[in-house]
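Colleague:
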Amino acid sequence: MASAHSRMRCGEFRTTYQADMTIFPTPLARRVAVVSVLLLLVAPLCLNAYYLNLMIQIGYYGIAALGLNIVVGFTGQISLGHAAFFGLGAFTSAWISNNSGIPVFFTIPLAGLFTMAVGLVVGIPAGRIKGLYLAIATLASQYILEDFFARADWFTGGSAGAMANPVSIFGYEMFTDQSFFYVVLFYVVIMFVAGANLMRSRDGRAFIAVRDHYLSAEIMGINLTKYRILSFGISSFYAGIGGALFGHYLGFVSVEGFTLLLSIQFLAMVIIGGLGSVMGAMLGTVFMVLLPEVMEFGVHLVGSNSTAMTLALAYLKEMAIGLAIILFLIFEPDGLAHRWKMIKNYWKLYPFSY
Amino acid sequence: MSENQPLIKVDNIFLSFGGVHALREVSFAVHPGEIFSIIGPNGAGKTSMLNCISGRYQPQKGQITFKGQSVIGMKPNIRCKLGIGRTFQNLALFNHMTVLDNIMVGRHHLLKNNFLTGPLYWFSGARKEELAHRREVEDIIDFLEIASIRKNIAGTLSYGLRKRVELARAVALRPDLILLDEPMAGMNLEEKEDMARYIIDLNEEWGMTVVMIEHDMGVVMDISHRVMVLDFGREICTGLPDEVMANEQVKIAYLGVGLDDDEEAQETSGEVA
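Listed below in structure tokens is the structure:
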């Protein structure tokens, strides 16, 4: 892996330190990223509702997964309560927009900030405990928040759920998937660029230092308690933004959506995508959102003419998803981001092996 | 040197773990500009002493004054800001980071950008700041001759290089006092010579006061200004390298009691105890 990092593309020269500190390793990679965003800008014009829906899902789950990656992948803490923060963001944004005149476009970051505040409080145990104990503490926060959602009628509408207004900005309401896609794209770009910047500046390095060797991190002047709690806060901010987008997309927020199962799915996204990689969070989300759809498509191909057969295929589909994840973890434990790096390195040297 | 205020003054330190007394009444002072070595057999309490200074351990009794200010009870990250840096005996690098990032972590307490300004990289001045510090870090990289590995992942490097990266990381803190825990352990002759050169340069050109633990007596006696010998948690001798080499108690601590002068030696060690 070491040589893979130190290896640069032939004919590529960096003459300034600034050129050596960019987010994208090569000008080509940057151009590819810019072109993909431009392509995404025209996507709503040519894609049908089904694909658009999937891309929107990838967007809001991806933002939340990046948040979880900051706490799990970069800081090395465990969190089993991410879905609860995702839900808190959704309920908060819905509540603010229902109870004040603030346009929905701006209630989303407000919901993120509120979720961050709650995340900082819930993160306090993280300053003191580690590993499995922290897992249980965050599990507790998951259940406490879930219970709060179910009981706080004034805030969440209780078991009936809460209505969430469509996204509006300066009186222009975005009812359609097409227009909402741009809102999600906007937040995805902002949040991922911010995440990448965070990880190449002081506090991002501090997170990784705490993960890799907390004792020497402390000797290097890093306040362990502060950074452990802060990473929970930032992670919750991302979850809150993702959750708020989710809520306003569906138009309705209900407590059933934010169970422990979703927390585990977020963990799966992060692990499959690649722990400690900004791009990995997105890749893992794409994988986890598309896998059931691909399986569904497979089932569709096989086809069936009896109810029993349909049922059997449905079960097989669920099992195949589980199997795919297990196989993935066995053969690619470092995640998709790592695999992507390997592929790039392969092409860098093609057709020679070294 | 003695007229100056000592940079660090350790006074009657007592540290125990349950019934084990790791340090007993250890006192010494290091003056600005010195290379001060701590030697002693295994388990003598050398690393415990460094841990007390850097803040990993809190001694039960005694006083440590750094730049005239007591550091007892301070957390390690605060002591780092005061100007105490260190390396570890068993490597403690951030193994999944690049060498460059490892050293940049050393700039943590000198950098100002944070989780709010960091994400706004281009607009908040974070990039400018990072660049300025990158230049300083590159000076250190040049000095320690690790430019060719700056983008390598620290965990994949050889032992000798990792030791050097650790030194670079500690130097990046810009400490006034640098604590080196066995900087030459496990190195071959050539690497040791390099390391000795770096330590002397750090002391003379970068103006750092060095407190070093080392087992290679040749190096210790060559580059140290003063040496302290610990044995079973006690200070048995402090002085110039030649004085320490000539000291009877030091010989006993290292070589054991000779057969012919058994009685005499036991008397001496009795006095010490």
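Quick note, the sequences are listed as chains Z and H, same order.
If you're matching positions, the first sequence starts at 15 in our numbering and goes up one per residue.
If you're matching positions, the second sequence starts at 2 in our numbering and goes up one per residue.
Just so you know, even glycine gets a beta-carbon here, dropped at the ideal spot from N, CA and C.
Report the residues of the stretch 200 to 222 of chain Z with a CB closer than 7 Å to any CB of chain H, ordered along the chain.
Modeller: So the list reads Ala208, Asn211, Leu212, Ser215, Arg216, Asp217, Gly218, Arg219, Ala220, Ile222, given in the order they occur along the chain.
Colleague: Note down, in chain order, every chain H residue with its Cβ under 8 Å from the Cβ of Tyr31 (chain Z).
Modeller: Per Cβ cutoff of 8 Å: Leu132, Arg135, Arg136, Glu139.
Colleague: Between the stretch 113 to 125 of chain H and the stretch 84 to 92 of chain H, do three or more beta carbon pairs fall short of 8 Å?
Modeller: No contact exists between the stretch 113 to 125 of chain H and the stretch 84 to 92 of chain H.
Colleague: Run through DSSP, which three-state label would Leu274 (chain Z) get?
Modeller: If DSSP states are grouped into helix, strand and coil, Leu274 (chain Z) belongs with the helices.
Colleague: With a threshold of 16 other CB atoms inside 10 Å of the CB of Cys238 (chain H), please say whether the residue is buried or exposed.
Modeller: Buried is the call here.
Colleague: In three-state DSSP terms, what is Glu215 (chain H)?
Modeller: Here Glu215 (chain H) sits in coil by DSSP.
Colleague: Please check if any C-beta of chain Z sits within less than 8 Å of the C-beta of Arg87 (chain H).
Modeller: Yes, Arg87 (chain H) lies at the interface with chain Z (some Cβ there is under 8 Å from its Cβ).
Colleague: Kindly give me the distance between the Cβ atoms of Ala79 (chain Z) and Val284 (chain Z), rounded to whole angstroms, as I take these residues to be in contact under 8 Å.
Modeller: Confirmed, Cβ separation roughly 6 Å.
Colleague: Rounded to the nearest angstrom, how far is the Cβ of Pro306 (chain Z) from that of Ile335 (chain Z), given a contact under 8 Å?
Modeller: 6 Å between Cβ atoms; contact.
Colleague: Leaving out five residues before and five after Ala282 (chain Z) in sequence, what residues of the same chain have Cβ atoms less than 7 Å from its Cβ?
Modeller: Same-chain partners within the cutoff: Met302, Ile339.
Colleague: Hey, could you find the ends of the alpha helix (DSSP H) Asp143 (chain H) is sitting in?
Modeller: Its alpha helix (DSSP H) spans residues 127 to 144.
Colleague: Less than 8 Å between CB atoms is the rule here; does Ile233 (chain Z) satisfy it with respect to chain H?
Modeller: Closer than 8 Å: yes.
Colleague: Roughly how many whole angstroms lie between the Cα atoms of Leu8 (chain H) and Glu167 (chain H)?
Modeller: So the alpha carbons of these two residues sit roughly 23 Å apart.
Colleague: Please classify His19 (chain Z): does DSSP put it in a helix, a strand, or coil?
Modeller: The pLDDT assigned to His19 (chain Z) is 47, lower than 50, so where the model puts this residue is not dependable; a value taken from the coordinates is nonetheless given after this. It is helical.
Colleague: Which word fits Met213 (chain H), buried or exposed, when buried means at least 16 other C-beta atoms lie within 10 angstroms of its C-beta?
Modeller: Counting Cβ neighbours within 10 Å, Met213 (chain H) comes out buried, since at least 16 surround it.
Colleague: Is it buried or exposed for Pro347 (chain Z), if we count other Cβ within 10 angstroms and need 16 for buried?
Modeller: Looking at its Cβ environment, which holds fewer than 16 other Cβ atoms inside 10 Å, Pro347 (chain Z) is exposed.
Colleague: Is it buried or exposed for Val251 (chain H), if we count other Cβ within 10 angstroms and need 16 for buried?
Modeller: Looking at its Cβ environment, which holds 16 or more other Cβ atoms inside 10 Å, Val251 (chain H) is buried.
Colleague: Give the range of the beta strand (DSSP E) segment to which Glu236 (chain H) is assigned.
Modeller: Taken as a continuous stretch (DSSP letters only), the beta strand (DSSP E) holding Glu236 (chain H) covers 235 to 240.
Colleague: In the structure shown, what three-state DSSP assignment does Lys62 (chain H) receive?
Modeller: Strand.
Colleague: Taking the CB atoms as reference points, tell me whether Ser250 (chain Z) and Met130 (chain Z) lie closer together than 8 Å.
Modeller: In this structure, Met130 (chain Z) lies closer than 8 Å to Ser250 (chain Z) by Cβ.
Colleague: Kindly provide the ranges of any beta strand (DSSP E) runs that are 3 or more residues long and lie completely inside the stretch 101 to 183 of chain Z, ordered along the chain.
Modeller: Whole beta strand (DSSP E) segments, 3+ residues: 181 to 183.
Colleague: Go ahead and pull the three-state DSSP assignment for Ala266 (chain H).
Modeller: Since pLDDT at Ala266 (chain H) reaches only 48, below the 50 mark, its modelled position is unreliable, and the value read off the structure follows with that caveat. Of the three classes helix, strand and coil, the one that applies to Ala266 (chain H) here is helix, per DSSP.
Colleague: CB-CB under 7 Å to Tyr58 (chain H), same chain, minus the five flanking residues each way: which ones, in chain order?
Modeller: Counting only Cβ-Cβ distances below 7 Å, and skipping sequence neighbours, we find Leu16, Ser49, Asn52.
Colleague: Name the chain Z residues whose beta carbon is nearer than 7 Å to that of Leu112 (chain H)?
Modeller: What Leu112 (chain H) touches in chain Z: Arg216.
Colleague: Using a C-beta to C-beta distance shorter than 7 Å, which residues of chain H count as neighbours of Asn237 (chain Z)?
Modeller: Ordered by position in chain H, the residues that pass the 7 Å Cβ test against Asn237 (chain Z) are Asn78.
Colleague: Using only CA atoms, which one of H:Thr210, H:Pro60, H:Gly84, H:Lys129 lies nearest to Ala33 (chain Z)?
Modeller: The candidate whose alpha carbon is nearest that of Ala33 (chain Z) is H:Lys129.
Colleague: Let me know if Val86 (chain Z) comes out buried or exposed under the rule of 16 or more other beta-carbons within 10 Å of its beta-carbon.
Modeller: Buried, since its Cβ has 16 or more Cβ neighbours within 10 Å.
Colleague: For Phe18 (chain H), go through chain Z and note every residue whose CB falls closer than 9 Å to its CB, in chain order.
Modeller: Going along chain Z, no residue has its Cβ under 9 Å from Phe18 (chain H), so there is no contact; the nearest lies around 17 Å.
Colleague: Does any C-beta atom of chain H lie closer than 8 Å to the C-beta of Ser230 (chain Z)?
Modeller: Answer yes: the Cβ-Cβ gap between Ser230 (chain Z) and chain H drops below 8 Å somewhere.
Colleague: Going along the stretch 27 to 59 of chain Z in order, which residues come within less than 7 Å of chain H, judged by CB to CB distance?
Modeller: For the stretch 27 to 59 of chain Z, which is checked against every Cβ of chain H, the residues closer than 7 Å are Tyr31, Gln32, Met35.
Colleague: Quick one: which chain H residues come within Cβ less than 8 Å of Phe248 (chain Z)?
Modeller: What sits at residue 248 (chain Z) in the sequence shown is Ile, not Phe. Residues of chain H passing the Cβ test: Phe116.
Colleague: At the level of alpha carbons, what is the spacing between Gly312 (chain Z) and Ala220 (chain Z)?
Modeller: Computed Cα separation, rounded: 45 Å.
Colleague: I'd like the span of the alpha helix (DSSP H) that includes Phe18 (chain H), first residue to last.
Modeller: Note, Phe18 (chain H): premise wrong, no alpha helix (DSSP H); beta strand (DSSP E) at 9 to 18.
Colleague: Look at the alpha carbon of Phe88 (chain Z) and the alpha carbon of Phe280 (chain Z), and state the distance between them as a whole number of angstroms.
Modeller: Their backbone Cα atoms lie some 15 Å apart in a straight line.
Colleague: Is Ile179 (chain H) helix, strand or coil by DSSP?
Modeller: Strand.
Colleague: Skipping 5 residues on each side, what residues in its chain have a beta carbon closer than 8 Å to that of Val292 (chain Z)?
Modeller: Within the same chain, Val292 (chain Z) has close Cβ partners Leu80, Asn83, Phe206, Gly209, Ala210, Met213.
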